[in-house]
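Q: Quick one: structure below, then a few questions.
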Amino acid sequence: MIPFLDLRAQYRGLAPEIEEAVLAVLRSGEYILGRRVAEFEQDFAAFCGSEHAIGVNSGTSALHLALLAAGVGPGDEVVTVSATFVATTAAILYAGARPVYVDIDPTTWTMDAAAIESAITPRTKAILPVHLHGRLADMDAILRIASKHGLTVIEDAAQAHGAERGGKRAGAFGESGCFSFYPGKNLGACGEGGAVVTSSSERDAVIRRLRDWGQAARYEHVVQGFNYRMDGIQGAVLGVKLRHLESWIKGRRRVAGLYRELLAGNGIGLPAPAGLDHVWHVFAIRLPRGRAKVRDELSRRGIATGFHYPCPVHLQPAYSELGYRRGQLLETEKLAQETLSLPIYPEMTAAQVEEVADAVLKCSEAVDAEVA
Ligand SMILES: *Cc1c(COP(=O)(O)O)cnc(C)c1O
């Protein structure tokens, strides 16, 4: 049996360290924010190459607060993508603004920078690219367009902790970057968690206040805020895990490299080659035909796979009020129909990767023969 990801394998390796850190929080009584969260914030800001990190209770909250701090509100439009988890869109709607989708680049599967300018209107306030699957979006082009039009850039880096280009890391390109520490993410808490990173002291102060009921001091509520604080226990867990993130990223790159080698030249669509700009939160292959059959067959052989994401946000019933229809974002819709995500986690052995690759080749050949 090869699981899609193995949270227990990661925990086993770190159990003594994590348990000691969690016990220290339990004994300290610092259950919300506190010293462990503050320490993690400093370490995570340094990891990202940002001045500040603000710990919150989820990646969704991080996006919501980053948007509010940028002044995004009712009547504003935010240019973003539909090829993502729904949280990206939800956060824009929470802020009272409207998401305007552009298609993705068919090679990188991230925001098609060439499509941004035609989506900009006088109401556009921000651009919110997503580093899908852990691959950095085309930040150079996005920042150039944003600066030309006076727009704020907020990165959805929920899948891309540590992805880098030109010595800069995810989250440090835009005005702010938003991270999720959902357990399955590349850096995961033992529960919910998220963070905003920014190098603006002003944004840092605003976001800190908003996450804690808009308080400037205790019971002094200067703005309407939220209960979006990070738990002390999550800060402690994340502080321990952050020390291993660099090596986990290397492990993911090793697995991705091995998959590429083993699957190449067999008619299977592979993700575009990548260097440091990809941290492989997801390794997805493209199967234009018979994806579901391959998935079923792999499952019968004890290999878990996933669809990320089977239906793009603009076609989800919950967001039908936005008025998008099938056919409007062709590359996004094709990606949603064709990708199959293979198991990937740093603890995966070469033998496991080989077993998956071998099964994928056999199953897709069999399905191809059937469809032909
Ligand atoms: C996970 C994720 C989020 C939301 O993070 P939560 O911590 O689950 O709220 C937002 N955007 C993307 C791209 C994600 O993958």
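Using my numbering, the letters of the sequence shown correspond one by one to residues 3 to 374.
C-beta atoms are modelled at their ideal positions from N, C-alpha and C, and glycine is treated no differently.
From a predicted model like this one, the values you see are computed outputs, not experimental measurements.
(1) Pull up the distance between the alpha-carbon of Ala117 and that of Tyr311, whole angstroms please.
(2) Going by the C-beta, is Cys180 closer than 8 Å to any heavy atom of ligand 1?
(3) So, using beta-carbon positions, are Gly193 and Gln161 closer together than 9 Å?
(4) Is the segment 50-67 in contact with the segment 180-188, if contact means three or more CB pairs nearer than 8 Å?
(5) Would Gly57 be called buried (16 or more neighbouring beta carbons within 10 Å of its own) or exposed?
(6) Please list, in chain order, all residues of the same chain as Val104 whose beta carbon is under 7 Å from its beta carbon, the five residues on each side excluded.
(7) Is it true that the segment 150-158 meets the segment 223-239, where meeting means three or more beta-carbon pairs spaced less than 8 Å apart?
(8) Work out the CA separation of Ser201 and Phe42 for me, nearest whole Å.
(9) Taking C-alpha atoms, which residue in Ala97, Glu79, Glu53 lies nearest to Gln226?
(10) When you compare only the Cα positions, how much space is there between Ala274 and Thr109?
(11) Taking the Cβ atom as the reference point for each residue, do Val208 and Ile346 lie within a distance shorter than 9 Å?
(12) Taking only the alpha-carbon atoms, compute the straight-line gap between Thr334 and Phe285 and give it to the nearest angstrom.
(13) Just to confirm before moving on: does the CB-CB distance between Val358 and Ile4 stay below 9 Å?
(14) Counting C-beta neighbours from all protein chains within 10 Å, is the total for Glu1 16 or more, i.e. buried, or is it exposed?
(15) With distance defined between alpha-carbon atoms, name the residue in Glu177, Pro124, Gly169 nearest to Pro131.
(16) Could you check whether Pro101 and Leu324 sit closer than 9 Å to each other, using their CB atoms as the reference points?
(17) Check each candidate in Trp111, Thr86, Ile129 and name the one with the smallest Cα separation from Ala99.
(18) Mind checking whether the beta-carbon of Asp158 lies closer than 8 Å to any heavy atom of ligand 1?
(19) Among the residues of its own chain, which have a CB less than 6 Å from the CB of His54, if the five just before and after it don't count?
(20) Can you name the start and end residues of the alpha helix (DSSP H) that Phe42 belongs to?
(21) Scan the segment 61-93 and note each continuous alpha helix (DSSP H) run of 4 residues or more that stays entirely inside, going in chain order.
(22) Expressed to the nearest angstrom, what Euclidean distance is found between the alpha-carbon atoms of Ala26 and Leu7?
(23) With distances taken from CA atoms, which of Gly253, Asp370, Arg125, Leu278 is nearest Arg2?
(24) Verify whether the separation of the beta carbon atoms of Ala174 and Phe183 is less than 9 Å.
(25) Assign Asp233 to buried or exposed, taking buried as 16 or more other Cβ atoms, counted over all protein chains shown, within 10 Å of its Cβ.
(26) To which residues of the same chain is Cys313 closer than 8 Å at the C-beta, ignoring the five residues directly before and after it?
(27) With DSSP collapsed to three states, give me the class of Lys170.
(28) Along the chain, where does the alpha helix (DSSP H) that runs through Ile235 open and close?
(29) So for Lys127, helix, strand or coil by DSSP?
A: The answer reads as follows:
(1) 22 Å
(2) yes
(3) no
(4) yes
(5) buried
(6) Val81, Val83, Met113, Asp114, Ala117, Ile118, Ala121
(7) no
(8) 16 Å
(9) Ala97
(10) 6 Å
(11) no
(12) 17 Å
(13) yes
(14) The chain is shown from 3 up to 374; residue 1 falls before or after that span and cannot be answered.
(15) Glu177
(16) yes
(17) Ile129
(18) yes
(19) Ala47, Thr200, Asp206
(20) 37-50
(21) 61-71
(22) 28 Å
(23) For residue 2 there is no data in the structure shown, the boundaries of the chain being 3 and 374.
(24) no
(25) buried
(26) Ala338
(27) strand
(28) 234-265
(29) strand
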